[in-house]
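Asker:
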Amino acid sequence: MEGYRPLLSVKGMSKIYHKREVEIRALDQADLEVRKGEWITLWGPSGSGKSTFLYLLGTLLQPEEGSYRFEDEMLAGTESLGYLSSTNDKKLSAFRAEKIGFIFQDYNLLEDKTALENVMQPAKYVTKLKPPKEVQ
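Each residue of the sequence shown is one higher than the one before, counting from 1 in full-length UniProt numbering.
And the structure:
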């Protein structure tokens with residue numbers, strides 16, 4: 001049944017940071033499946049890898065290991081279409097704009113823009129734009 005097929009599937013995802021000669025495994029072999037309509041919570045102490053995992057899911061970081069499938073597209077792993085490479089910034093931007101959204105802990109506002117301009121900024125990157133009056 002289609003309702004049982006995962007919307008998002010992660011298998012064996014790892015992220016390793018290197019600080020001088022020290023290897024820090026921020027995420028180690030994570031698995032996750034989320035189906036359409038499900039809600040999840042990531043919960044854990046500071047430094048446990050929650051933000052890193054979200055950045056990986058949002059394609060803001062690249063994993064060292066594992067696979068990541070969203071809908072029917074493999075975003076990371078041996079069968080991926082190479083989305084998570086620096087040569088595919090346009091594909092990644094389109095994926096982020098059309099498929100996912102982020103609300104950061106910090107504001108991340110553009111200081112030289114008004115509140116309305118900050119709110120309307122993401123619309124510049126979406127291919128299915130609404131008329132500016134409707135966005136306002």
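Glycine residues also receive a C-beta, built at the ideal position from the N, C-alpha and C atoms.
1. Count the other C-beta atoms from every protein chain shown that fall within 10 angstroms of the C-beta of Lys-15, then say buried if there are 16 or more, exposed otherwise.
2. On a Cα-Cα basis, can you pick out the residue from Val-10, Leu-27, Gly-58 that is closest to Gly-44?
3. Ordered along the chain, which non-local residues of its own chain (more than five positions away) have a Cβ less than 8 Å from that of Gln-29?
4. Within a Cβ cutoff of 8 Å, which residues of the same chain sit near Pro-122, ignoring the five residues on either side of it in sequence?
5. Out of Gln-62, Arg-25, Ser-9, which one is the CA nearest neighbour of Lys-36?
Answerer: Working from what's here:
1. Residue 15 sits at position 15 when you count from the first residue of the sequence shown. It is buried - the Cβ of Lys-15 has at least 16 other Cβ atoms within 10 Å.
2. What you label residue 44 is simply residue 44 of the sequence shown in a count that begins at 1. Per the C-alpha coordinates, the member of Val-10, Leu-27, Gly-58 positioned closest to Gly-44 is Leu-27.
3. The count along the sequence shown starts at 1 and reaches residue 29 at position 29. Closer than 8 Å at Cβ, skipping near neighbours: Gly-12, Met-13, Ser-14, Glu-65, Gly-66.
4. Stepping through the sequence shown from its first residue, residue 122 is reached at position 122. So the list reads Ala-97, once near-sequence residues are dropped.
5. Within the sequence shown, the letter at position 36 stands for residue 36. The option with the nearest alpha carbon to Lys-36 is Ser-9.
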